[in-house]
Amino acid sequence: MNPFASRLVLPLAALFVAFFVAPLIVLLALSLATDTAMNAFTPAHYVKFFTDRFNYSILFDTLLLGVKATLVCLVFGYPIAWICARASARWQSLLVFLVILPILTSVVVRTFSWIVILGRQGVLNQIALGLGLTSEPLRLLYTEPGVIMVLAQVQMPLMVLPILTVLSKIDANLADASRALGAGEWRTLWRVTIPLSLPGVIAGCILTYSACVTAFVTQTLIGGARLIYMPLHIYQQAIGANNWPFAAAISVIFMFAVLAAIGILNLIGRKSETYA
Amino acid sequence: MHNAIDWEALSIRLVFGLLAAVAIIFLVGPTLIVLLTSFTASQSLKFPPDGLSLRWYAALIDADQMQAAAWNSLVVAFWTTVISVLLGTAAALGIARSRSPLIRAFDLLFMSPLLLPALAFGFAALIFIHKLGFTPSIPFLVLGHVVVCVPFVLRTTVAALTQLDPALLDASESLGGSAMMTFRRVTLPLIAPGLGAGAFLAFMASFDNVPVSLFLADERTEVLPIHLWQQIETNLDVRTAAVSGLIVIFTLVLMLAAERFAGLTRRMR
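Quick note, the sequences are listed as chains A and B, same order.
Just so you know, our numbering puts 236 at position 236 of the first sequence, and the rest follows in order with no gaps.
Just so you know, our numbering puts 1181 at position 181 of the second sequence, and the rest follows in order with no gaps.
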């Protein structure tokens, strides 16, 4: 290949080494230091995190929150992608436009609109009260189901787009063949379409999951001060408590946890590819 | 084959159509609700609003802090986009047709900010700047944003470059065009829409960024999303809805432009 062309990655590579890799190395070093001056090193912060129930349950809750929100995204996102892949070009453009509209609208704005919807006098409570489903306003804000619902809305485009990409590349003849051989629509969906679209599903799950667990704005505004997830925990320890070494340790743990989750999803993706 | 109604085909359409319809309402509804609420005539954020007015938009004229934050955000997003486009396009040219493992590794590195918790990177960048003896300022904020926004430029530009017919480049070369001329007259015009879509996405990602700004912006360099976040956390007032309304309109206009000139919806998948 052209050796000149490959040299073109160097400027960006330099920026990434200086301002992405180096800070992460400093973060790792600080997480093992006794204090911010980094005079002596100790694994104490990690020991503290994994022996204190308050700390490790935050990690567990965060990872689980991501799983729940990703599943909701999948259940609603797959049908959108499925319909989109079958729509005419005009409709497809419109649908994709509607899908990406929320992801390009500021996340603070989107979360704010959910406060208007979920609040005590919000739209949902008015509907519930109007229909007589409940006698007093439901508490939707500051609850985990509320956080999951909002995360699902905020991150769903990340699920829809990769699935749509894969679905629109699948040879339509395969589904036709399945039907011609006597399989019904549902059987074709389960045995042909879904297995073939698994790479898109996995890619969507990875993107959605990593976005959901780190969604600081949504987690703090909808979850409130009582529901603490990892990003808020890092922020509180770093800025509130000014305990940088411990905040660094939490950050490192969080990063490796997210990487591990992505690794597992990737592994499932590999397995499913050999199966399909 | 039977000619009776295919109940199975009907049921799958019904179930998927219903789920998709619910999901689309779920996706678009909140944006519409916040837009309509911003035109309320009352003090509360009730939906549907009690009467319509532009009073909260008018109130923005006196919101100095909000305006300063919005201006900072625009400046940061502008420089982030410029740097991301320059470095991202160059890197994309190197990555697009390369099979070298080193280049693959760099590609993975450049895309990793999309998957790693951005908040952890924001904190790491703050520590790093602090260790170097600096305090956070706009240039550092821009660099931090470039790291998390450049993947968007890279992805759309690499995609556009891989779709480029290499025969066109050979033709230009055999007609005596220099490498630079081939780039300027052949490659660049052909990848411009992809590059444009990437630039648009990077701009929006920077304008909307919270996790990095949270650590790299201070009172002087406060950006709009952080300002709004604090407003919503402390005293929720209707001006927040008016700013949100403006952001929604601004996003829609930019999106329509990006769709018109860069085929945004085709490049997002």
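Glycine is no exception: its CB is placed at the ideal position from the N, C-alpha and C atoms.
Open item on the list: Let's see if you can read the secondary structure: which residues bound the alpha helix (DSSP H) around B/W1229?
Closed with: As a position in the second sequence, residue 1229 of chain B is number 229, starting the count at 1. First-last of the alpha helix (DSSP H) with B/W1229: L1224 to E1233.
Task: Bounding residues of the alpha helix (DSSP H) (the contiguous stretch that carries B/R1239) - done: Reading the second sequence from its first residue, position 239 is the one you call residue 1239 of chain B. In the DSSP assignment, B/R1239 falls within the unbroken alpha helix (DSSP H) covering V1238 to A1262.
Task: Straight-line Cα distance separating A/S178 from B/P1117 - done: The count along the second sequence starts at 1 and reaches residue 1117 of chain B at position 117. The count along the first sequence starts at 1 and reaches residue 178 of chain A at position 178. Just so you know, the alpha carbons of B/P1117 and A/S178 end up roughly 42 Å apart.
Open item on the list: Between the stretch 1154-1173 of chain B and the stretch 1130-1145 of chain B, can you find at least three pairs of beta-carbon atoms closer than 8 Å?
Closed with: No, because fewer than three Cβ pairs between the stretch 1130-1145 of chain B and the stretch 1154-1173 of chain B fall closer than 8 Å, the two stretches do not touch.
Task: Identity of the residues DSSP links to A/F41 by a beta bridge - done: Position 41 of the first sequence, counted from the first residue, corresponds to residue 41 of chain A. DSSP links A/F41 through a beta bridge to A/A33.
- [ ] Let me know if B/L1108 comes out buried or exposed under the rule of 16 or more other beta-carbons within 10 Å of its beta-carbon.
- [x] As a position in the second sequence, residue 1108 of chain B is number 108, starting the count at 1. Exposed.
- [ ] Pull out every residue of the stretch 154-185 of chain A whose Cβ sits closer than 7 Å to any Cβ of chain B, in chain order.
- [x] Listed by position along the chain: M156, L161, L164, T165, G184 and E185.
Task: In DSSP terms, what B/T1040 is bridged to - done: Translated into the one-based positions of the second sequence, residue 1040 of chain B becomes position 40. Checking the DSSP bridge columns, you'll see B/T1040 partnered with B/L1052.
- [ ] Quick one: using the 10 Å Cβ neighbour count with 16 as the cut-off for buried, is A/D52 buried or exposed?
- [x] Indexing the first sequence from 1 puts residue 52 of chain A at position 52. By the 10 Å Cβ count, A/D52 comes out exposed.
TODO: Jot down the residue ranges of each uninterrupted alpha helix (DSSP H) in the stretch 64-104 of chain A, minimum 4 residues, whole runs only, in chain order.
DONE: DSSP runs (the alpha helix (DSSP H)) wholly in the stretch 64-104 of chain A: 89-104.
- [ ] Could you name each continuous alpha helix (DSSP H) segment of 4 residues or more that falls completely within the stretch 1140-1203 of chain B, going from the start of the chain to the end?
- [x] Scanning the stretch 1140-1203 of chain B from its first residue to its last, the whole alpha helix (DSSP H) runs of 4-plus residues come out as 1166-1174 and 1179-1182.
Task: Candidates B/T1187, B/A1241, B/Q1067 and B/L1161: closest to B/L1054 by CA position - done: The count along the second sequence starts at 1 and reaches residue 1054 of chain B at position 54. Cα-wise, what sits closest to B/L1054 is B/A1241.
- [ ] Report yes if the C-beta distance between B/A1020 and A/I80 is below 8 Å; otherwise report no.
- [x] Here residue 1020 of chain B refers to the residue found at position 20 of the second sequence. Here residue 80 of chain A refers to the residue found at position 80 of the first sequence. One thing to note: B/A1020 has its Cβ within 8 Å of the Cβ of A/I80.
Open item on the list: Taking CB distances under 8 Å as the criterion, tell me whether B/S1244 reaches chain A.
Closed with: In the second sequence, residue 1244 of chain B corresponds to position 244, counting from 1. It does; some Cβ of chain A falls within 8 Å.
Open item on the list: Here's the rule I'm using: 16 or more other beta-carbon atoms within 10 Å means buried, otherwise exposed. How should A/M159 be labelled?
Closed with: Looking up residue 159 of chain A in the first sequence gives position 159. Result: buried.
Task: Closer than 8 Å to chain B by CB, A/I228 - done: The residue labelled residue 228 of chain A in the question sits at position 228 within the first sequence. Chain B, which has no Cβ nearer than 8 Å to the Cβ of A/I228, makes this no.
Task: For A/M255, three-class secondary structure by DSSP - done: Here residue 255 of chain A refers to the residue found at position 255 of the first sequence. It is helical.
- [ ] Taking B/V1238 as the query, report the chain A residues whose CB atoms sit under 9 Å from its CB, ordered along the chain.
- [x] Numbered from 1 along the second sequence, position 238 holds the residue referred to as residue 1238 of chain B. Here the premise fails: no neighbours, minimum Cβ distance about 10 Å.
TODO: Using a Cβ-Cβ cut-off of less than 9 Å, give me the residues of the stretch 121-134 of chain A that come near chain B, in sequence order.
DONE: Residues of the stretch 121-134 of chain A with a Cβ closer than 9 Å to any Cβ of chain B, in chain order: Q121, G122, V123 and Q126.
Task: Straight-line Cα distance separating A/A85 from A/M230 - done: Here residue 230 of chain A is taken as the residue at index 230 of the first sequence, counted from 1. Here residue 85 of chain A is taken as the residue at index 85 of the first sequence, counted from 1. Here the alpha carbons of A/A85 and A/M230 stand approximately 37 Å from one another.
Task: Cβ-Cβ separation, B/L1224 to B/A1041 (assumed contact under 8 Å), whole Å - done: For the purposes of this step, residue 1041 of chain B is taken as residue 41 along the second sequence, with counting starting at 1. For the purposes of this step, residue 1224 of chain B is taken as residue 224 along the second sequence, with counting starting at 1. Contact flag wrong, Cβ pair sits at about 25 Å.
- [ ] Using three-state DSSP, classify B/P1117 as helix, strand or coil.
- [x] Against the second sequence, residue 1117 of chain B aligns to sequence position 117. Note: B/P1117 maps to coil in three-state DSSP.
Task: For A/V150 and A/P199, believed in contact at Cβ under 8 Å, the rounded distance - done: Here residue 199 of chain A corresponds to residue number 199 of the first sequence, with the count starting at 1. Here residue 150 of chain A corresponds to residue number 150 of the first sequence, with the count starting at 1. With a Cβ gap of about 28 Å, A/P199 and A/V150 do not count as contacting.
TODO: Round the Cβ separation of B/F1026 and A/F76 to the nearest angstrom and send it over; I've been treating them as touching at under 8 Å.
DONE: By one-based count along the second sequence, residue 1026 of chain B stands at place 26. By one-based count along the first sequence, residue 76 of chain A stands at place 76. The pair is a contact, with the Cβ atoms about 7 Å apart (cut-off 8 Å).
Open item on the list: Using CA atoms only, rank isn't needed, just tell me which of A/I262, A/F49, A/Q219 and A/Y235 is closest to A/T111.
Closed with: Residue numbering aside, residue 111 of chain A sits at position 111 when the first sequence is read from its first letter. Among A/I262, A/F49, A/Q219 and A/Y235, the Cα nearest to that of A/T111 belongs to A/Q219.
- [ ] Closer than 8 Å by C-beta to B/P1048: which residues in its own chain qualify, once you throw out the five before and the five after it? Chain order, please.
- [x] Sequence index remark: in the second sequence, residue 1048 of chain B carries index 48 (1-based). These residues qualify, in order along the chain: L1036.
Open item on the list: What would DSSP say about B/M1001, mapped onto helix, strand or coil?
Closed with: Taking the first residue of the second sequence as position 1, residue 1001 of chain B is located at position 1. Low confidence applies to B/M1001: its pLDDT is 48, below 50, so where it sits in the model is not reliable, and the reading given next is rough at best. In the three-state reduction of the DSSP assignment, B/M1001 falls in the coil class, being assigned neither a helical nor a strand state.
- [ ] Determine the burial state of B/R1239: buried for a count of at least 16 other Cβ atoms within 10 Å of its Cβ, exposed for fewer.
- [x] Taking the first residue of the second sequence as 1, we reach residue 1239 of chain B at position 239. Buried is the call here.
TODO: For the stretch 7-15 of chain A and the stretch 1090-1109 of chain B, state whether three or more C-beta atom pairs, one from each stretch, are separated by less than 8 Å.
DONE: Touching, yes, given that three or more Cβ pairs across the two stretches are closer than 8 Å.
Task: Among A/C205, A/Q236, A/P245 and A/W186, the one whose alpha carbon lies nearest that of B/F1128 - done: On the second sequence, residue 1128 of chain B is found 128 positions in, with the first residue counted as 1. Answer by Cα proximity: A/P245.
Task: Cβ-based neighbour list, A/M1, same chain, cut-off 7 Å, excluding 5 preceding and 5 following - done: Translated into positions along the first sequence, residue 1 of chain A becomes position 1. Residue placement at A/M1 is flagged as unreliable, the pLDDT there being 44, under the threshold of 50; the coordinate-derived value follows with that caveat. Excluding the 5 residues flanking it on each side, A/M1 has no same chain C-beta neighbour closer than 7 Å.
Open item on the list: With three or more C-beta pairs closer than 8 Å as the rule, is the stretch 1172-1187 of chain B touching the stretch 1055-1066 of chain B?
Closed with: Touching, no, given that fewer than three Cβ pairs across the two stretches are closer than 8 Å.
TODO: Within 10 angstroms of the Cβ of B/M1268, are there 16 or more other Cβ atoms? Answer buried if so, exposed if not.
DONE: Taking the second sequence and counting its residues from 1, the one referred to as residue 1268 of chain B is at position 268. Answer is buried; the Cβ neighbour count reaches 16.
Open item on the list: Do A/S31 and A/A249 count as a contact pair if the criterion is CB distance below 8 Å?
Closed with: The count along the first sequence starts at 1 and reaches residue 249 of chain A at position 249. The count along the first sequence starts at 1 and reaches residue 31 of chain A at position 31. A/S31 sits close to A/A249, with the two beta carbons spaced by under 8 Å.
Open item on the list: With a threshold of 8 Å, are at least 3 pairs of Cβ atoms found where one atom belongs to the stretch 190-210 of chain A and the other to the stretch 1185-1195 of chain B?
Closed with: Counting Cβ pairs under 8 Å, fewer than three are found: no touch.
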